[in-house]
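For this note's numbering, count along the sequence shown from 1 and bump the result up by 7.
All C-beta atoms, glycine included, are put in the ideal place defined by N, C-alpha and C.
Note that this is a predicted model, so its numbers are computed, not measured.
Here is the structure we will look at, set down as structure tokens.
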Amino acid sequence: METTKIFNSGNSQAVRLPKKYRFKNNEAYISKIGDAVVIFPKKSGWSSLFESLDKFSEDIFEERNKPIKVLKKFKNIEPKNVCISSITASELWTGVHKSTNFEKNAIALEEFLSPLTILGYDEKASKIYGKIRSVLEKKGKIIGSMDLLISAHALSQELILVTNNVKEFKRVNGLSIENWT
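Written out as structure tokens, the structure is:
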């Protein structure tokens, strides 16, 4: 492992990267995973977003080739029109923590999520969740608790939910669903 110098200037620190580690552009994302500080180049465009999928260990995805189909759909959408629920991000982090290679997968997930807008769950979503759950329980057609939260979040923001689990989500009245796979 190589070493480098850390420079202090006021309240900031800087690292001089050896030539072989330098980035092509001047912007990067930075994250802390355990004791490690991870820096990776800022992404541009959808294709670079999906390159980070290859960085996950094999045990993190059940179906690794499906995101390629999704990528084709992304190319026709403006990046500003795509977001991810904080509930979905939580599920992804659960997968990372359950995986056999936490550090590798944590870095890959940080890189994957970094260009996306992550929407926070709010009071409006909570109220809609209560309504959806009540209705589905009365019908005897309840869905998984995380899927309920994600459904309520999408409805509260008047968003289209993209999923390959249409069978489960179509039970939620008024939810707009698309399957990109």
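The shortest C-alpha to C-alpha distance from Glu110 to any of Gln20, Ala43, Thr188, Ile84 is the one to Ala43. Using a 10 angstroms sphere on the CB of Thr95, the tally of other CB atoms reaches 16 or more, which defines it as buried. As the crow flies, the alpha-carbon of His160 is around 45 Å from that of Thr10. By the beta-carbon neighbour count (other beta carbons within 10 angstroms, threshold 16), Ile157 is buried. For the pair Lys79 and Glu165, the Cα-to-Cα distance works out to about 24 Å. Between the stretch 87-104 and the stretch 112-128, the count of C-beta pairs closer than 8 Å reaches three or more; the two stretches touch.
About 6 Å separates the Cβ atoms of Arg23 and Lys12, confirming a contact at the 8 Å cut-off. Looking at the DSSP output, Asn88 bridges to nothing. DSSP places Lys39 in the strand class (E or B) of the three-state scheme. Leaving aside the five residues that flank Ile150 on each side, the residues in its chain whose CB is nearer than 8 Å to its CB run, in chain order, Leu143, Ser158, Glu175, Phe176, Arg178, Val179. Contact between Ile135 and Leu162 is confirmed by a C-beta separation of about 5 Å, below the 8 Å threshold. Counted as a single uninterrupted DSSP element, the alpha helix (DSSP H) harbouring Leu116 occupies residues 109-120. When Arg29, Thr188, Phe30, Gly41 are compared, the shortest CA-CA separation from Asn112 is found for Gly41.
The DSSP-derived three-state label of Glu175 is helix. Taking a C-beta distance under 8 Å as the contact criterion, Tyr28 and Ser121 do not qualify as a contact pair. Counting only residues of its own chain and dropping the five nearest sequence neighbours on each side, Val169 has a CB closer than 7 Å to the CB of Glu185, Trp187.
The Cβ atoms of Phe47 and Glu118 lie closer than 8 Å to each other.
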